[in-house]
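Residue numbers (my numbering): 497 to 565. Ideal placement from N, C-alpha and C gives every residue a C-beta, glycine not left out. Working notes for the structure below.
This is how it looks when you write it as C-alpha cells:
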C-alpha cells in the first residue's frame, strides 16, 4: 500500500538530516482520512497508520514552534 501513497517531509527538514518523518494522507474505503507515517531513512520499513482525529490530537499537544517547554 505504501508504494501508492504520495509521501512528503516537512519544509523544516534539511537535505542532510536523517531524522525526518515522512507523511502520506489517504482516504479509506469509508471516506475517512488516514495519516501514514514512516522513517525517511527506511522507506521500505514499517509504516504507522493513524486516524485523522488521532493526528490532530497529537499536533494540538505539541508546543508552539520556537518554544522550549
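Buried or exposed: where does residue i fall if 16 or more other Cβ atoms within 10 Å of its Cβ makes it buried?
i	result
residue 515	exposed
Between residue i and residue j, is the Cβ-Cβ spacing less than 8 Å?
i	j	result
residue 521	residue 533	no
residue 528	residue 548	yes
residue 517	residue 504	no
Measure the C-alpha to C-alpha separation of residue i and residue j and round it to an integer number of angstroms.
i	j	result
residue 537	residue 544	15 Å
residue 556	residue 542	25 Å
residue 508	residue 501	21 Å
residue 526	residue 550	17 Å
Where are the alpha helix (DSSP H) runs, 4 residues long or more, that stay fully inside the region 530-563, in chain order? Listed in chain order, they are 548-557.
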